[in-house]
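Peer 1: This is the structure, below, for whatever I ask next.
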Amino acid sequence: VIESLRSKLAGSYPMQGDDTGGTWMRWLLTAIVLLASVACASAPVARDFDDVSDYRAVSFTEVWDAVVVMSGDQNWAIETLDRDRGLITTEWTSADNVSYRDCGAPGFRATHIDPMGRLDLVVRETDNGTSVTVTTNWRVTRNSVNSLASVECLSTGMLERELHDAVRRRLR
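What follows is the structure in structure tokens.
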């Protein structure tokens, strides 16, 4: 089959050098490697998780204070602390815990490096008490053979659960 393809292509695309097919085989091998490298990469898997927790009969002030202290305990560098809007955002921070994010498979001869994470916490007063919404953003750099690319990742929901649990413990 390969010999048949080579002979058909040789008429349209003359090969340099001898007629043994060495150039053709190198081209074919390169094409197979490139196709394999693309085929090995996979997208992250979206998960369904609860990013909002309601704290019934707990005041905004109590929840806000618990969230601020918890953020400091977790060593997240706070970028925005706006009590009037109920908003806390963190800076992009190195985040090595792979259980918090799903970046998919990097692909053939590629690795994920420089994992970074960022949080947005929104505290809102509700009819029954206070709610806290945690939104996480994740990214890594895919280091491939001759290139670097930023990859947006999806949350697994684990950090959100841990943060809500930490706030609940503080409110007890």
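Letter 16 of the sequence shown, counting from 1, is numbered 16 in full-length UniProt numbering, and no numbers are missing. Using N, Cα and C, we set each Cβ at its ideal position, and we do this for glycine too.
Can you give the Cα-Cα distance for residue 39 and residue 94, rounded to whole angstroms?
Peer 2: Interpretation of residue 39 is limited by its pLDDT of 48, a score under 50 that renders its predicted location unreliable; no figure is taken from the coordinates.
Peer 1: Answer yes or no: do residue 86 and residue 123 have a C-beta to C-beta separation smaller than 7 Å?
Peer 2: Their beta carbons are under 7 Å apart, which means residue 86 touches residue 123 by this criterion.
Peer 1: Does residue 88 pass the burial test, meaning 16 or more other C-beta atoms within 10 Å, or should it be called exposed?
Peer 2: It is buried - the Cβ of residue 88 has at least 16 other Cβ atoms within 10 Å.
Peer 1: Which residue wins for smallest C-alpha separation from residue 115, given the options 125, 149 and 131?
Peer 2: When only C-alpha atoms are compared, the closest one is 149.
Peer 1: How is residue 92 classed by DSSP in three states: helix, strand or coil?
Peer 2: Three-state result, residue 92: coil.
Peer 1: Can you tell me whether DSSP reads residue 165 as helix, strand or coil?
Peer 2: DSSP places residue 165 in helix when its eight states are reduced to three.
Peer 1: Would residue 90 and residue 105 qualify as a contact pair, given that the criterion is a beta-carbon distance under 7 Å?
Peer 2: No; because the gap between Cβ atoms is not below 7 Å, this pair is not in contact.
Peer 1: Cβ of residue 132 within 7 Å of Cβ of residue 71?
Peer 2: No, the Cβ-Cβ distance between residue 132 and residue 71 is not below 7 Å.
Peer 1: Just the Cα atoms here: how many angstroms apart are residue 120 and residue 25?
Peer 2: Taking the straight line joining both Cα atoms gives about 53 Å.
Peer 1: State the start and end residues of the unbroken beta strand (DSSP E) segment that holds residue 54.
Peer 2: Its beta strand (DSSP E) spans residues 52 to 56.
Peer 1: Run through DSSP, which three-state label would residue 73 get?
Peer 2: It is helical.
Peer 1: Is the distance from the Cβ of residue 154 to the Cβ of residue 102 below 7 Å?
Peer 2: Cβ distance < 7 Å, so residue 154 and residue 102 count as in contact.
Peer 1: May I have the straight-line CA-CA distance separating residue 83 from residue 134, to the nearest angstrom?
Peer 2: Residue 83 and residue 134: Cα-Cα distance of roughly 15 Å.
Peer 1: Can you give me the start and stop residues for the beta strand (DSSP E) that residue 82 sits inside?
Peer 2: Run containing residue 82: 78 to 82, per the beta strand (DSSP E) assignment.
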